[in-house]
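Working notes for the structure below.
Number of protein chains: 2
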Amino acid sequence: MNSPEPRFLRACRRQPVDRTPVWFMRQAGRYMPAYRQLRKKYGLLEICRTPELALQVTLQPIEAFELDAAIVFADILLPLVPMGFDLSFAKGVGPQIANPVRAIDDVQRLRSFDPAQELAPTLEAIKLLRSALPASTPLIGFAGGPFTLACYMIEGGASRNYERAKSLMYTQPSAWWALMDLVTSMTQAYLLAQIEAGAQAVQLFDSWAGALSPTDYQRFVQPYSQRVLQAVAETGAPSLHFGTNSATLLELMAEAGGDAIGVDWRVELDRAWQTIGYDRAIQGNLDPSVLFGSDDEIQAQTRRILDQAGGRPGHIFNLGHGILPGTPMTAVSLVVDAVHSYQPVGQAEHG
Amino acid sequence: MNSPEPRFLRACRRQPVDRTPVWFMRQAGRYMPAYRQLRKKYGLLEICRTPELALQVTLQPIEAFELDAAIVFADILLPLVPMGFDLSFAKGVGPQIANPVRAIDDVQRLRSFDPAQELAPTLEAIKLLRSALPASTPLIGFAGGPFTLACYMIEGGASRNYERAKSLMYTQPSAWWALMDLVTSMTQAYLLAQIEAGAQAVQLFDSWAGALSPTDYQRFVQPYSQRVLQAVAETGAPSLHFGTNSATLLELMAEAGGDAIGVDWRVELDRAWQTIGYDRAIQGNLDPSVLFGSDDEIQAQTRRILDQAGGRPGHIFNLGHGILPGTPMTAVSLVVDAVHSYQPVGQAEHG
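Those protein sequence lines, which keep their order, are chains E and Y. Basically the working numbering = 1-based index in the first sequence + 93. Basically the working numbering = 1-based index in the second sequence + 93.
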């Protein structure tokens, strides 16, 4: 089958493909020697803010592996800086926010901003990437999901139980709604700007939404994700809606939107797809830890997931979360090869 | 209804009760001023190893709240010391193991031991507690689940992704099986010794099992949990089988065993019970973070869970995980009162 449109975009729209497309969350990053080399000279924020460096890092995995999509190198927390957050990345600690939100006053202090102005380097990197990438490799833009971003803003960094964020929800709901409203408008504007700059699909990473009960997700998050994804849908660019620990939220996440729903390995892909509904594409879902396994294990688990997808159009192969630091490059290659050489059982003539 | 047997034990066996029993994981601990006071004088391991102190801490929440069960104060990692692990609790870091398992040689080095000898203080605390507790307050014993204990042994402490443990599974399965075999025999002997000492029910805390895909749980963990829970079942004492992030493992966990299955807040209680099957009791499942919420929020979420239980016999109210440090004592009281005063909708005459 020769298709004018890349197989990743076709799969997002549940159109038939010659082989299952594959890309990886955090496919550019610490596990790559080329990236670590560059990080000796430049900080994370410096790379994100220098279009030529962001371009270079984005292309590293594209050059190393036969991937079906590129994702612009950026950080979900970049938009927090123009909003007024004092963000830094301390070595070994991860992101730290010196002035987190703890009450309605803190929310009122936050600024709205124009992404074209304040997030220009990422948009510029997207433009450069569209010229640099082959036509067969579409470019994905992305943003953090509203719950995940709000958690960072409230907790001031990574958190085990998100009790500060949840406490704000439960005790100062008007502060929560105000914050979510601001985050939603910002995220929407940022994703639309990325699409305008040339991103051919966008992913909403609500990685932490799975910390919520379904009832709380529905009350406190779903309406906001829905607003963002609705606005993206109107552009015609496909969207991917991703969370972890989200097995019990899949129906609600699908209801909120997304052409494809990203799922982690805690749920079997066939069950997840049934829950989400076959009118959506699905992305996932190999446990990133499997890439520390033997070659046989990696290949067997990759094939199991492809078997579960059952050759239906609309499966995008990915891990269930980002590639872990320390992952061997050879393991990444092995997964890509296993996906691309896969022949569905009894469907050798398929495609 | 006046029952000769305490309502917690009746609920474990799905017998009718006058009101839903309630206890809390980590009901003794840092959130209680009385506990923090004692910790100024004694270390965690010192308390666990001194029966009179373990007794005192176990009774603190029983004296403060109208709880339906006590749980002996101990730590799931205590059995690791007689096995040969060099365990310490550093302030603010949590448990640290200086000599973790990384290969088959490390497993072969581990010792089997007699709990009656090496874990005597916990067994002695159980004996003392049975005399100290009123007949209406049964005593729960416990142990860590095989996956959770193996993770600690391999990772050497808490972990975000358990990649060392999973890597051992995937690359050195014979080392994994050998370790699980040892952990299982030890856990089985330890729980039987607790029951013999007077524990009237036991809980298996496989808190981290939810990090695994259902396929991997079934391959690498389920047979071992099954062995432990089968041995407990033969004593006649009810068992509770608990995990977090376990929405997709519930069928497999129930298959492994447990008179009651403990579930976290990520799954709605009614759906969870349906999945587990009504031939089992269910324990849970309020999000511990809700206890940082307003009184209205706490009461509404407690009632929602009781509504979902639908007045069926076999619901034990609990949080979906342990009480968080910093939880207000008043919030704990509020939940206990809300559970005990609950009247099922349209069943005011029930019981």
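Every residue, glycine too, gets a C-beta built ideally from N, C-alpha and C. These numbers were taken from a predicted model, which means no experiment stands behind them.
Practice item. Taking only runs that begin and end inside the stretch 185-216 of chain E, name each unbroken beta strand (DSSP E) of 3 or more residues, in chain order. Key: Within the stretch 185-216 of chain E, the complete beta strand (DSSP E) segments at least 3 residues long are 187-190, listed from N- to C-terminus.
**Study point:** According to DSSP, residues forming a beta bridge with Leu297 (chain E)
**Key:** Locating residue 297 (chain E) in the first sequence gives position 204, where the first residue counts as 1. Listed as beta-bridge partners of Leu297 (chain E) by DSSP are E:Ala236, E:His334.
Review point. Residue range of the alpha helix (DSSP H) that His433 (chain Y) falls in?
Key: Along the second sequence, read from residue 1 onward, the residue named residue 433 (chain Y) stands at position 340. Per DSSP, His433 (chain Y) belongs to the alpha helix (DSSP H) from 422-433.
Review point. Quick one: Cα of Ala393 (chain E) to Cα of Met262 (chain E), how far?
Key: Within the first sequence, the letter at position 300 stands for residue 393 (chain E). Within the first sequence, the letter at position 169 stands for residue 262 (chain E). Cα to Cα, Ala393 (chain E) sits roughly 43 Å from Met262 (chain E).
**Study point:** Gly377 (chain E) (DSSP reduced to helix, strand or coil)
**Key:** In the first sequence, residue 377 (chain E) corresponds to position 284, counting from 1. Strand, per DSSP.
Check your understanding: Below 8 Å, can you find three or more Cβ-Cβ pairs linking the stretch 204-211 of chain Y to the stretch 137-144 of chain Y?
Key -> Fewer than three pairs of CB atoms, one per stretch, sit closer than 8 Å, so the stretch 204-211 of chain Y makes no contact with the stretch 137-144 of chain Y.
Review point. What residue does the alpha helix (DSSP H) around Phe158 (chain Y) start on, and which one ends it?
Key: Counting from 1 along the second sequence, the entry for residue 158 (chain Y) is found at position 65. Premise fails: Phe158 (chain Y) is in no alpha helix (DSSP H) and is neither H nor E.
Review point. Name the chain E residues that come within less than 8 Å of Glu361 (chain Y), Cβ to Cβ?
Key: Counting from one through the second sequence, the residue named residue 361 (chain Y) turns up at place 268. Among the residues of chain E, those whose CB is under 8 Å from the CB of Glu361 (chain Y) are Ser306, Pro307, Thr308, Thr341, following chain order.
Review point. Does the beta-carbon distance from Gly355 (chain E) to Ser332 (chain E) come in below 8 Å?
Key: Taking the first residue of the first sequence as 1, we reach residue 355 (chain E) at position 262. Taking the first residue of the first sequence as 1, we reach residue 332 (chain E) at position 239. Going by C-beta atoms, Gly355 (chain E) is not nearer than 8 Å to Ser332 (chain E).
Practice item. Report the rounded CA-to-CA distance for Asp430 (chain E) versus Thr423 (chain E), giving the unit in angstroms. Key: Your numbering for residue 430 (chain E) matches position 337 in the first sequence. Your numbering for residue 423 (chain E) matches position 330 in the first sequence. The straight-line gap separating the alpha-carbon atoms of Asp430 (chain E) and Thr423 (chain E) is approximately 10 Å.
Practice item. Can you tell me which of Y:Asn338, Y:Pro231, Y:Ala290 puts its alpha carbon nearest to the alpha carbon of Pro114 (chain Y)? Key: Position 21 of the second sequence, counting from 1, holds the residue named residue 114 (chain Y). It is Y:Pro231 whose Cα lies nearest to the Cα of Pro114 (chain Y).
Exercise for review: Name the residue from E:Gly377, E:Thr277, E:Asp161 whose alpha carbon lies nearest to the alpha carbon of Ala243 (chain E).
Suggested key: As a working mapping, residue 243 (chain E) is identified with position 150 in the first sequence. For Ala243 (chain E), the closest C-alpha among the options E:Gly377, E:Thr277, E:Asp161 is that of E:Thr277.
Review point. Do Ile391 (chain E) and Val432 (chain E) come within 8 Å of each other at the CB atom, strictly closer than that value?
Key: Against the first sequence, residue 432 (chain E) aligns to sequence position 339. Against the first sequence, residue 391 (chain E) aligns to sequence position 298. Not in contact: Val432 (chain E) and Ile391 (chain E) (Cβ atoms no closer than 8 Å).
Point to revise | Run of the alpha helix (DSSP H) containing Leu180 (chain Y), from where it starts to where it stops | key: What you label residue 180 (chain Y) is simply residue 87 of the second sequence in a count that begins at 1. Following the DSSP letters along the chain, one finds Leu180 (chain Y) in no alpha helix (DSSP H) but inside the beta strand (DSSP E) bounded by residues 180-183.
Exercise for review: Could you tell me whether the Cβ atoms of Gly336 (chain E) and Asp299 (chain E) are closer together than 8 Å?
Suggested key: Here residue 336 (chain E) refers to the residue found at position 243 when the first sequence is read from its first residue. Here residue 299 (chain E) refers to the residue found at position 206 when the first sequence is read from its first residue. For Gly336 (chain E) and Asp299 (chain E), yes; Cβs fall inside 8 Å.
Check your understanding: How about Val383 (chain E): is its C-beta nearer than 8 Å to some C-beta of chain Y?
Key -> Stepping through the first sequence from its first residue, residue 383 (chain E) is reached at position 290. At least one C-beta of chain Y is nearer than 8 Å to the C-beta of Val383 (chain E).
Review point. Does the Cβ of Lys259 (chain E) lie closer than 7 Å to at least one heavy atom of the ligand NAD?
Key: As for the ligand NAD, it is missing from this structure, which has no ligand bound.
Exercise for review: Compute the Euclidean distance between the alpha carbons of Gln265 (chain Y) and Gln436 (chain Y), then round it to the nearest angstrom.
Suggested key: Taking the first residue of the second sequence as position 1, residue 265 (chain Y) is located at position 172. Taking the first residue of the second sequence as position 1, residue 436 (chain Y) is located at position 343. Cα to Cα, Gln265 (chain Y) sits roughly 54 Å from Gln436 (chain Y).
Point to revise | Stretch pair the stretch 250-259 of chain E + the stretch 377-387 of chain Y: three plus CB contacts closer than 8 Å | key: They touch, by the three-pair rule.
Exercise for review: In the DSSP assignment, find the unbroken alpha helix (DSSP H) run with Phe101 (chain E) in it and report its ends.
Suggested key: Start at 1 with the first residue of the first sequence, and residue 101 (chain E) comes out as number 8. Segment 100-105, the alpha helix (DSSP H) holding Phe101 (chain E).
Practice item. Please list the residues of the stretch 239-255 of chain Y that have a C-beta atom closer than 8 Å to any C-beta atom in chain E, keeping them in chain order. Key: Listed by position along the chain: Asn254, Tyr255.
Practice item. Take every Cβ of the stretch 144-155 of chain Y, pair it with every Cβ of the stretch 183-200 of chain Y, and state whether three or more of those distances are shorter than 8 Å. Key: Here the stretch 144-155 of chain Y makes no contact with the stretch 183-200 of chain Y; the two share fewer than three CB pairs at distances below 8 Å.
Review point. Do Arg123 (chain Y) and Pro316 (chain Y) have their C-beta atoms closer together than 8 Å?
Key: Taking the first residue of the second sequence as position 1, residue 123 (chain Y) is located at position 30. Taking the first residue of the second sequence as position 1, residue 316 (chain Y) is located at position 223. No, these two residues do not count as a Cβ contact at 8 Å.
Point to revise | Short CB-CB distance (under 8 Å) between Glu344 (chain E) and chain Y | key: Residue numbering aside, residue 344 (chain E) sits at position 251 when the first sequence is read from its first letter. Residue contact check for Glu344 (chain E) against chain Y: no CB pair falls below 8 Å.
**Study point:** Glu327 (chain E) versus Glu344 (chain E) - alpha carbon distance
**Key:** Sequence index remark: in the first sequence, residue 327 (chain E) carries index 234 (1-based). Sequence index remark: in the first sequence, residue 344 (chain E) carries index 251 (1-based). Cα to Cα, the separation comes out at about 21 Å.
Exercise for review: Answer yes or no: do Trp366 (chain Y) and Phe313 (chain Y) have a C-beta to C-beta separation smaller than 8 Å?
Suggested key: Along the second sequence, read from residue 1 onward, the residue named residue 366 (chain Y) stands at position 273. Along the second sequence, read from residue 1 onward, the residue named residue 313 (chain Y) stands at position 220. No. Outside cutoff.
Review point. Among E:Leu297, E:Gly185, E:Leu170, which residue has its Cα nearest to the Cα of Phe178 (chain E)?
Key: Walking along the first sequence from the start, residue 178 (chain E) turns up at place 85. Of E:Leu297, E:Gly185, E:Leu170, the smallest CA-CA separation from Phe178 (chain E) is found for E:Leu170.
Exercise for review: Can you pull the chain A residues whose beta carbon is under 8 Å from the beta carbon of Ser387 (chain Y), in chain order?
Suggested key: The structure shown contains no chain A; the protein chains it does contain are E and Y.
Exercise for review: With DSSP collapsed to three states, give me the class of Leu226 (chain E).
Suggested key: The count along the first sequence starts at 1 and reaches residue 226 (chain E) at position 133. When secondary structure is reduced to three states using DSSP, Leu226 (chain E) falls in the coil class, being assigned neither helix nor strand.
Practice item. Mark Tyr371 (chain E) as exposed unless 16 or more other C-beta atoms lie within 10 angstroms of its C-beta, in which case mark it buried. Key: By one-based count along the first sequence, residue 371 (chain E) stands at place 278. It is exposed - the Cβ of Tyr371 (chain E) has fewer than 16 other Cβ atoms within 10 Å.
Check your understanding: Are any of the Cβ atoms in chain E nearer than 8 Å to that of Asp380 (chain Y)?
Key -> For the purposes of this step, residue 380 (chain Y) is taken as the residue at position 287 of the second sequence. Judged by the 8 Å Cβ criterion, Asp380 (chain Y) is in contact with chain E.
Practice item. Rounded to whole angstroms, what's the CA-CA distance from Gly413 (chain E) to Trp301 (chain E)? Just pull it up for me. Key: Position 320 of the first sequence, counted from the first residue, corresponds to residue 413 (chain E). Position 208 of the first sequence, counted from the first residue, corresponds to residue 301 (chain E). The alpha-carbon atoms of Gly413 (chain E) and Trp301 (chain E) are separated by roughly 13 Å.
Review point. Of all the CB atoms in chain E, is at least one closer than 8 Å to the CB of Lys259 (chain Y)?
Key: In the second sequence, counting from the first residue as 1, residue 259 (chain Y) sits at position 166. Judged by the 8 Å Cβ criterion, Lys259 (chain Y) is in contact with chain E.
Point to revise | Nearest-angstrom Cβ-Cβ length linking Gly234 (chain Y) and Gln287 (chain Y), presumed shorter than 8 Å | key: In the second sequence, counting from the first residue as 1, residue 234 (chain Y) sits at position 141. In the second sequence, counting from the first residue as 1, residue 287 (chain Y) sits at position 194. With 8 Å as the limit, Gly234 (chain Y) and Gln287 (chain Y) qualify as a contact, their Cβ atoms being about 3 Å apart.
Point to revise | Distance between Ile369 (chain Y) and Gly404 (chain Y) (C-alpha atoms, nearest Å) | key: In the second sequence, counting from the first residue as 1, residue 404 (chain Y) sits at position 311. In the second sequence, counting from the first residue as 1, residue 369 (chain Y) sits at position 276. Between the alpha carbons of Gly404 (chain Y) and Ile369 (chain Y) lies a distance of about 17 Å.
Point to revise | Bridge partner(s) assigned by DSSP for Ala340 (chain Y) | key: Taking the second sequence and counting its residues from 1, the one referred to as residue 340 (chain Y) is at position 247. According to DSSP, Ala340 (chain Y) bridges with nothing at all.
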